[in-house]
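The block underneath contains the structure these notes are about, expressed in structure tokens.
Number of protein chains: 2
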Amino acid sequence: MQLIDGKKISAEIKVEIAREVQQLKDRGCKTPHLAAVLVGHDGASETYVAGKVKACEEVGFKSTLIRYESDIDESTLLNTVHELNRNEDIDGFIVQLPLPDHISEQKVIEAIDPRKDVDGFHPVNLGRMVLGLPAFISATPAGIMELIKRYGIQTSGKSCVVVGRSNIVGKPISILLSQKADPGDATVTLCHSRTRNLDDVVRASDIVIAALGKPGFVTAGMVKEGAVVIDVGITRVKSDVTKSGWKLLGDVRFDEVAPKCSYITPVPGGVGLMTIVSLLKNTLIAAKHEIYP
Amino acid sequence: MQLIDGKKISAEIKVEIAREVQQLKDRGCKTPHLAAVLVGHDGASETYVAGKVKACEEVGFKSTLIRYESDIDESTLLNTVHELNRNEDIDGFIVQLPLPDHISEQKVIEAIDPRKDVDGFHPVNLGRMVLGLPAFISATPAGIMELIKRYGIQTSGKSCVVVGRSNIVGKPISILLSQKADPGDATVTLCHSRTRNLDDVVRASDIVIAALGKPGFVTAGMVKEGAVVIDVGITRVKSDVTKSGWKLLGDVRFDEVAPKCSYITPVPGGVGLMTIVSLLKNTLIAAKHEIYP
Numbered sequence: 001m002q003l004i005d006g007k008k009i010s011a012e013i014k015v016e017i018a019r020e021v022q023q024l025k026d027r028g029c030k031t032p033h034l035a036a037v038l039v040g041h042d043g044a045s046e047t048y049v050a051g052k053v054k055a056c057e058e059v060g061f062k063s064t065l066i067r068y069e070s071d072i073d074e075s076t077l078l079n080t081v082h083e084l085n086r087n088e089d090i091d092g093f094i095v096q097l098p099l100p101d102h103i104s105e106q107k108v109i110e111a112i113d114p115r116k117d118v119d120g121f122h123p124v125n126l127g128r129m130v131l132g133l134p135a136f137i138s139a140t141p142a143g144i145m146e147l148i149k150r151y152g153i154q155t156s157g158k159s160c161v162v163v164g165r166s167n168i169v170g171k172p173i174s175i176l177l178s179q180k181a182d183p184g185d186a187t188v189t190l191c192h193s194r195t196r197n198l199d200d201v202v203r204a205s206d207i208v209i210a211a212l213g214k215p216g217f218v219t220a221g222m223v224k225e226g227a228v229v230i231d232v233g234i235t236r237v238k239s240d241v242t243k244s245g246w247k248l249l250g251d252v253r254f255d256e257v258a259p260k261c262s263y264i265t266p267v268p269g270g271v272g273l274m275t276i277v278s279l280l281k282n283t284l285i286a287a288k289h290e291i292y293p
Numbered sequence: 294m295q296l297i298d299g300k301k302i303s304a305e306i307k308v309e310i311a312r313e314v315q316q317l318k319d320r321g322c323k324t325p326h327l328a329a330v331l332v333g334h335d336g337a338s339e340t341y342v343a344g345k346v347k348a349c350e351e352v353g354f355k356s357t358l359i360r361y362e363s364d365i366d367e368s369t370l371l372n373t374v375h376e377l378n379r380n381e382d383i384d385g386f387i388v389q390l391p392l393p394d395h396i397s398e399q400k401v402i403e404a405i406d407p408r409k410d411v412d413g414f415h416p417v418n419l420g421r422m423v424l425g426l427p428a429f430i431s432a433t434p435a436g437i438m439e440l441i442k443r444y445g446i447q448t449s450g451k452s453c454v455v456v457g458r459s460n461i462v463g464k465p466i467s468i469l470l471s472q473k474a475d476p477g478d479a480t481v482t483l484c485h486s487r488t489r490n491l492d493d494v495v496r497a498s499d500i501v502i503a504a505l506g507k508p509g510f511v512t513a514g515m516v517k518e519g520a521v522v523i524d525v526g527i528t529r530v531k532s533d534v535t536k537s538g539w540k541l542l543g544d545v546r547f548d549e550v551a552p553k554c555s556y557i558t559p560v561p562g563g564v565g566l567m568t569i570v571s572l573l574k575n576t577l578i579a580a581k582h583e584i585y586p
């Protein structure tokens, strides 16, 4: 069994990005610049955004954090988005979700210029991805594809099950893995709450992507010998043991499933760590105008 | 075995659309108006566009056909698209594909205002569809969903195989059938040229969508008793028997497969006839501003 080490890979990619940023600067190009908009004081959102800002510093990006209180008007937020769209120094930006109930997340996402949509949530980027065109791919599916690529895991012709049909993980990763590409070319079955005989489908699969957000859902009995298991679940539960008072649980019972696998991602230390580097990569791509000329 | 009669259903829908158009006119609203741009003199394209114009007349739409010779500049065609985007009398328009090699189809498609993209090919519409948001859905997948709905075929929890991963049929129908919706909620496996054990996957499926364009590919031995079979294949082959000198072949060996099915679409007379009514429906939706206010 080979552990897929998200910590190691994400550190490697950060070094690669930092090197490329340095080369850009040496050539006299502008410094890649990511902006993040944070509304309110949600604990998890604060942590995520702080992590993103810190990662920008690590690789040599410029970053800007724009904060609003949670009672901000939708129109004020939309104006900020329009300003960021126009601001030539900003290569890409994100609006941290969730937003307060009185603001339409979809309206905000669709207001972002697709050329600066480094979260890959705009329908144009999703649609282009489905068509197999260059596009900003959202952080979690991009991170999974990167791990598969870096570990040289063969996907062509393999049977793959994706458990969970969320817009930000299940649907896009099912599309990416079935595309005519490498990694890709897998025969993908997308499962969800209405799926019958889910256990049988998972047990028949060479590659299992668990992305339903139910801690410990995937048991040893559901996984075939030699399977590749990617655990996307990150559920925060209270813990008496950790200093923070929280611990993270995956969708897979790692201890019992791991011995059967050819490859498996741990939680924490797997897919989760890849999301920030996916965002950094997208920002670098945006700065280099690689997708939209 | 119940035959899914595309001829009957498409005629019914045309009557429904005609009735709604009359109601709009009675209320003093403008007449829905579809424009089609045809470049060159490709035989199949001429036939398709003529069929679309005729269908517009049948339901009381206004239609405009814009023709160019095949040596038209890309920029001239793009200008026409921009004019159609601005023209307030035009509710929706299509640019008939394929285009000559010197013109980028993707550039033309992306130049169309998504609000008038009644072919549903713009990445915004595809992306919105993936997200489960209201969107123009392209003709063939929309036609399949309509047939399934009108025949009351249950899809929730059913296993479904889609054979063929084209951008205009396989990918979108696989997404639609797995959405949280009715019809939808199926467990969908998307198969393609790299799929191993394709026969086994098809044989295990309650619903089979054959969309690979290989005449007679699906045999009786590949289909389980009681399956629903939707044949999207339309391959034109020469024939000594027909007046036109051509006949259409589906991907399914109808004669041997039909006796095993609970429902099956014939070719011709099945999915193909639904595509024009899907276009008419999209144009009506555009005229009523139901998707984009």
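Chains G and C, in that order, are what the protein sequence lines are.
Reading the first sequence from the start, the letters are residues 1 to 293 in my numbering.
Reading the second sequence from the start, the letters are residues 294 to 586 in my numbering.
For every residue, glycine included, the Cβ atom is placed at its ideal position computed from N, Cα and C.
Contact check, residue i vs residue j, beta carbons under 8 angstroms
i	j	result
Val525(C)	Val564(C)	yes
Gly425(C)	Lys473(C)	yes
Val330(C)	Thr373(C)	yes
Ile402(C)	Phe414(C)	yes
Ala432(C)	Leu572(C)	yes
Gln2(G)	Tyr48(G)	no
Leu327(C)	Thr576(C)	yes
Glu407(C)	Asn418(C)	At residue 407(C) the sequence reads Pro, which differs from the Glu that was named. It is a contact, given that the beta carbons lie within the stated cut-off.
Thr219(G)	Thr480(C)	no
Ala404(C)	Leu358(C)	no
Ala135(G)	Ile264(G)	no
Ile234(G)	Val267(G)	yes
Thr275(G)	Gly92(G)	no
Val39(G)	Ile17(G)	no
Ala227(G)	Lys260(G)	yes
Val130(G)	Val423(C)	yes
Gly562(C)	Lys300(C)	yes
CA-to-CA distance, residue j to residue i, given in whole angstroms
i	j	result
Tyr151(G)	Ile4(G)	7 angstroms
Ala210(G)	Ile175(G)	15 angstroms
Gln447(C)	Asp478(C)	10 angstroms
Ser205(G)	Asn197(G)	13 angstroms
Val570(C)	Ile441(C)	15 angstroms
Ser156(G)	Cys484(C)	12 angstroms
Ala258(G)	Gly245(G)	26 angstroms
Ile306(C)	Ile387(C)	21 angstroms
Leu470(C)	Glu339(C)	32 angstroms
Pro32(G)	Ala55(G)	13 angstroms
Leu273(G)	Ser10(G)	6 angstroms
Asn587(C)	Pro123(G)	This structure cannot speak to residue 587(C), because chain C is shown only from 294 to 586.
Asp292(C)	Asp319(C)	Here chain C has residues from 294 to 586 only, and residue 292(C) is not among them.
Gln22(G)	Pro293(G)	22 angstroms
Gly87(G)	Lys116(G)	The sequence given here places Asn at residue 87(G); Gly does not occur at that position. Distance between the alpha carbons of Asn87(G) and Lys116(G): 10 angstroms.
Lys581(C)	Val59(G)	50 angstroms
Pro100(G)	Thr76(G)	13 angstroms
Asp475(C)	Ile173(G)	23 angstroms
Lys507(C)	Val223(G)	35 angstroms
Test: residue i CB closer than 8 angstroms to a CB of chain C
i	result
Ser63(G)	no
Asp73(G)	no
Beta carbon proximity, residue i to chain G, threshold 8 angstroms
i	result
Ser449(C)	yes
Leu424(C)	yes
Ser471(C)	yes
Asp478(C)	yes
Gln399(C)	yes
Worksheet item: Which residues, in order along the region 158-174 of chain G, keep a beta-carbon less than 7 angstroms from a beta-carbon of chain C?
Response: Arg165, Asn167, Lys171
Worksheet item: Between the region 404-421 of chain C and chain G, which residues of the former have CB atoms less than 8 angstroms from a CB of the latter, in chain order?
Response: His415, Pro416, Val417, Asn418, Leu419, Gly420, Arg421
Discussion item. Please list, in chain order, the residues of the region 480-502 of chain C that have any C-beta partner in chain G closer than 9 angstroms.
Written reply: Thr480, Val481, Thr482, Leu483, Cys484, His485, Ser486, Arg487, Thr488, Arg489, Asn490, Leu491, Val494
Worksheet entry | Where the region 308-338 of chain C meets chain G: residues whose CB sits under 7 angstroms from a CB there | none
Discussion item. Just to confirm the assignment: which complete beta strand (DSSP E) runs, minimum length 3, are found wholly within the region 322-364 of chain C?
Written reply: 326-332, 355-361
Item to complete: Scan the region 535-557 of chain C for residues whose Cβ lies nearer than 9 angstroms to a Cβ of chain G and list them as they occur along the chain.
Response: none
Discussion item. Which complete alpha helix (DSSP H) runs does the region 486-574 of chain C hold, if anything under 4 residues is left out?
Written reply: 491-496, 547-550
Item to complete: Anything in the region 216-241 of chain G with a Cβ closer than 8 angstroms to a Cβ of chain C? List those residues in chain order, please.
Response: none
Worksheet item: Taking only runs of the alpha helix (DSSP H) that begin and end inside the region 73-101 of chain G, which ones reach a length of at least 4 residues, in chain order?
Response: 74-86
Item to complete: Let me know the beta strand (DSSP E) ranges lying completely inside the region 91-152 of chain G, each 3 residues or longer, listed in chain order.
Response: 92-95
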